[in-house]
Each structure stands twice: as C-alpha cells, then as structure tokens.
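Residue numbers (the working numbering): 19 to 313.
Ideal placement from N, C-alpha and C gives every residue a C-beta, glycine not left out.
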Ligand SMILES: [Mn+2]
C-alpha cells in the first residue's frame, strides 16, 4: 500500500475492500450511472464519477458537526448498468444491495437518475419484508415522483416514489416539493401514510419539520434527489425547478436524519460533467455529512 496516494475513482474517505472475507460492519458506497429515462437534461450517468471526485475537496474534520469521518465505509465501485433497459439494471442493483445487506453493509448509492432507488428498495424488501413494511422513507426532492407512469414507462425517474409506495413501507415523508402533476398530487393527498412539505414549508418553518423528523421511531431510508436544492446551487440536474431549498437547510435536515436508525442513503440526479461543478460538491457534502454523523 502507498501512504501518500489517493484514488479518485473511490469516495475520498472510503476504505478499499480487497477481500470479502475481511469485511467489517459499516457502509458500502457504490455508483449507478444509469440515465436512460431522463427526459430533460441528460448526464446523470456521470454522477458517480463527479461526486467521488468532488469528495476530495473536503477536509477530514467536519466543523459544523464537530466530528471527523471515521466510520467504516468501503467504496465498492459501480454497479453494471444496461443502458436503455431499466429492468436488467434493476435486477443488478437489487442483487448487489442484497449481497451488501447480507454482509452487514448498509448501502450508500450515488445515482444515476432517480429510478435506481427502486433497486435498493427491492433489495431491502427481499432482505426482510417485515422490516420494509416498518420503514419510513424520507424523500428530498423538488418533485413528488408519484406518477403512475411517465411517457408510457412504469419505471421512470418520475414514478419512482409511486412504485415504492406500492410496496407498502410504513410511511413516506417528502420534503422540498415544488412541482407536480395533478393526478400525482391527488394520489399523495389520498394516502394518509404520505406526508409532504413544500419548499415554502422549509423556508417558513424548518423547525417544525425538524421536530417531526426527530419524532420518527421506525428505521428510515433516505433518498435525496439533489434537485431539492435551488438550481443556483445545483445547475447540473436532470429536471431543475426554481425556488429550491438551500444547502444550510439541507444540512440541518441531514443532521437530524443521520442520528436516526437508517438502513441506507442515496443521492441521485447529479449530472455534473466538469471538475468542481457545484452540483457534485453539494451532493458529495450530503454523503460526507451523513457518514461523519455515523461515528
Ligand atoms: Mn426531482
């Protein structure tokens, strides 16, 4: 091993995993560069590379949370994707995550378009169905992603939360929402186990939302579509929507959620393709904050 080198194909603070027999409990970071159903600005396939590269910009001590990132985490590389075919990609994500869970590793996925979250949900469901039915899904996004289908597709970035809701988790809490289609909005309002907070709710009463999150007493899974932030902070996303939340608000939300019993996290929809793009830096910050608070 070389002591003074770094590997930008891996997340900055991750450990190499050479032999599966040596694995210790912790977190497994992986990418899924799939973006075949992206409808507006393409490029989420670059997310995993861009977010990892951006992670080298951070220092090991997290000043805001007064802690360093020391929790055990491996970067296992990227799941193979079948461009243009979500179904086989879904199977490969689900199989990979199921292996991780069997090894005592919690998934941290870098997307890819939001569709890929379905694969992680499938794995958690297959791992322990009762656990899945007791799970609270925390969904940060500009969009509900609750359409039944989008452009004829059942599995799409715009339907991902609908498919997850159909698998019957205990609850879904959506935060930062500011864009919708009427049918999905009706669906959200019809279901008591879906709660949503708009961008204005975050702006006007973040404390109330944080209190609500603190009260969660089930395991959680966190899915962050980075377009929850305003396009001023994250210009390189598939579907930008104005009047988003800001990184201070996101950091406070992640701060509360990281103290919860979480089975995993994903950060999706990063389509940065240049070094130092603010979108990938903000996305890497979410993973960095989360892991710092898992010590
Ligand atoms: Mn979105």
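In chain order, what residues of the same chain lie with their CB nearer than 8 Å to the CB of residue i, ignoring the 5 residues before and after it?
i           : result
residue 217 : 160, 194, 195, 196, 261, 262 and 263
residue 304 : 242, 244, 268, 272, 283 and 285
residue 209 : 183
residue 180 : 163, 164, 165, 166, 202 and 205
Mapping DSSP to helix, strand and coil, what is residue i?
i           : result
residue 51  : coil
residue 240 : strand
residue 92  : strand
residue 176 : coil
residue 28  : coil
residue 66  : helix
residue 34  : coil
residue 302 : helix
residue 72  : helix
residue 184 : helix
residue 43  : coil
residue 232 : helix
residue 168 : strand
residue 57  : coil
residue 283 : strand
residue 22  : coil
residue 86  : strand
residue 158 : strand
residue 251 : coil
Cα-Cα, which of the options is closest to residue i?
i           : options               : result
residue 182 : 198, 165 and 169      : 165
residue 309 : 150, 29 and 233       : 29
residue 253 : 227, 294, 225 and 228 : 294
residue 66  : 131, 311 and 171      : 131
residue 300 : 117, 146, 239 and 250 : 250
residue 87  : 276, 57, 185 and 232  : 276
residue 114 : 203, 142 and 156      : 142
residue 58  : 257, 80 and 278       : 257
residue 321 : 24, 259 and 126       : Residue 321 lies beyond the range of the chain shown here (19 to 313); nothing can be said about it.
residue 278 : 232, 302 and 199      : 232
residue 76  : 26, 35 and 220        : 26
How about residue i and residue j: do their beta carbons lie closer than 8 Å?
i           : j           : result
residue 237 : residue 153 : yes
residue 274 : residue 158 : no
residue 110 : residue 89  : no
residue 206 : residue 215 : no
residue 313 : residue 85  : yes
residue 12  : residue 287 : As shown, the chain starts at 19 and ends at 313. That puts residue 12 outside it, with no answer to give.
residue 174 : residue 133 : yes
residue 83  : residue 307 : yes
residue 45  : residue 123 : yes
residue 291 : residue 95  : no
residue 71  : residue 296 : no
residue 116 : residue 148 : no
residue 311 : residue 270 : no
residue 55  : residue 104 : yes
residue 121 : residue 41  : yes
residue 289 : residue 255 : yes
residue 187 : residue 150 : yes
Closer than 6 Å by C-beta to residue i: which residues in its own chain qualify, once you throw out the five before and the five after it? Chain order, please.
i           : result
residue 63  : 51 and 53
residue 189 : 154 and 211
residue 93  : 28, 29, 32 and 47
residue 135 : 178, 241 and 284
residue 192 : 157 and 214
residue 170 : none
residue 302 : 69, 72 and 73
residue 112 : 137, 140 and 141
Spatial neighbours of residue i within its chain, please: C-beta separation below 7 Å, excluding the five flanking residues on both sides.
i           : result
residue 222 : none
residue 139 : 182 and 185
>> Ignoring anything shorter than 3 residues, give me the beta strand (DSSP E) runs that lie fully in the segment 198–222, in order along the chain.
In response: 212–216
> Where are the beta strand (DSSP E) runs, 3 residues long or more, that stay fully inside the segment 113–144, in chain order?
Replying inline: 123–129
> Got a list of residues with beta-carbon closer than 5 Å to any non-hydrogen atom of ligand 2, in chain order?
Replying inline: For ligand 2, the structure offers nothing, since it holds only ligand 1.
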